[in-house]
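A quick write-up on the structure given underneath.
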Amino acid sequence: MTHHPQKAVLAVCALVLSACTSQAGPAVTPSNWKAAPGQVAVPSSARAAARLDEPVRLSIPSLDVQTELERLATGADGVLGTPRDPAKAGWYAAGVRPGDQGPAVIAGHVDSRTGPAVFARLRELRRGAEVLVADARGRTARFTVDEVRVHAKAAFPTAEVYGPTPDAQLRLITCGGAFDRARGHYRDNVIVYATRT
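Note that the sequence shown covers residues -24 to -1, 1 to 173 in mature numbering (1 follows the signal peptide of the UniProt record, and there is no 0).
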């Protein structure tokens, strides 16, 4: 599969801006997107791990999250769709596959009109927590959380979230912060950064 990082950045940014609201967000461009400097050695455990088929399940043991993954794609308008079911997360299928080099993106709702959604407790994750992504054959890519950050949507860190990486990484994204009733969406994004181990 050929990856087009700049196209992926635009599409995934559209996801972040639309995942928590039905209103369109401000335009985001990859003008500050830069390639990662240099290469670093990938740990042998990550190099030797089998490549996953399409991911179908996400597990975050410390949060008691077990969810199927929906396949997310962009629509005719170029905006990446969100999971149809608030109880499920979604994988950006045109991006990096979890376990492959680069940042794979999985997004989910923090809540819905009926209550908490799949990523309601995502902000509670801590450094060292385990995140598992599995395919239909039961093969699993294991990730360890490096950090959890909250960013204002207006200052979304596009390059550090979607830019190329020398190893397999995972980004989990949901909404956070205060709910802006006038605009109909949350003001922030909660972003989990994890590395395959």
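Here a beta-carbon is modelled for each residue, glycine too, at the ideal position from N, C-alpha and C. All values reported here derive from a predicted model rather than from experimental measurement.
Item, Value
"Who pairs with A117 in a beta bridge, going by DSSP?", "V109"
"Since L39 and L101 should fall inside the 8 Å C-beta cutoff, what is the C-beta to C-beta distance between them, to a whole number of angstroms?", "7 Å"
"Decide if Q42 is buried, meaning its Cβ has at least 16 other Cβ atoms within 10 Å, or exposed.", "exposed"
"Under 6 Å Cβ to Cβ from T5, same chain only, skipping five residues before and after it: list those, please.", "Residue confidence is low: T5 scores 28 on pLDDT, short of 50, so the model does not pin down where it sits. No coordinate-derived value is stated."
"So for V94, helix, strand or coil by DSSP?", "coil"
"Taking the straight line between their C-alpha atoms, what separation do you get for S88 and A128?", "20 Å"
"Whose CA, out of L146, D143, F132, lies closest to the CA of G152?", "F132"
"Rounded to the nearest angstrom, how far is the Cβ of Y169 from that of E106, given a contact under 8 Å?", "No, Y169 and E106 are not in contact; Cβ-Cβ is about 14 Å, not under 8 Å."
"Whose C-alpha, out of L98, A158, V137, V166, is nearest the C-alpha of I36?", "L98"
"What separation, rounded to the nearest whole angstrom, lies between the Cα atoms of A24 and T120?", "Caution applies to A24, whose pLDDT of 49 falls short of 50 and renders its modelled position unreliable; the value that the coordinates give is listed next. So the two alpha carbons sit approximately 17 Å from each other."
"Indicate the three-state DSSP secondary structure (helix, strand or coil) for D136 in the structure shown.", "Reading off the sequence, residue 136 comes out as Glu, not Asp. Residue state, collapsed to three classes: helix."
"By alpha-carbon positions, which one of A70, P79, R60 ends up nearest to G139?", "P79"
"Among R147, G104, R172, P74, which one has its Cα closest to the Cα of D111?", "P74"
"Indicate whether A65 and G84 have their beta-carbon atoms separated by less than 9 Å.", "yes"
"Could you spell out the range, first to last residue, of the beta strand (DSSP E) harbouring Q42?", "41 to 48"
"Say the cut is 8 Å; is the CB of P140 nearer than that to a heavy atom of the ligand FMN?", "Of the ligands one can find in the structure shown there are none, so the ligand FMN has no counterpart to examine."
"From what residue to what residue does the beta strand (DSSP E) around V168 run?", "161 to 172"
"When DSSP labels each residue in this structure, what does A63 get in the three-state scheme?", "coil"
"Could you tell me the alpha carbon to alpha carbon distance between L146 and Y162, rounded to whole angstroms?", "22 Å"
"Grouping DSSP H, G and I as helix and E and B as strand, with all else coil, what is E100?", "helix"
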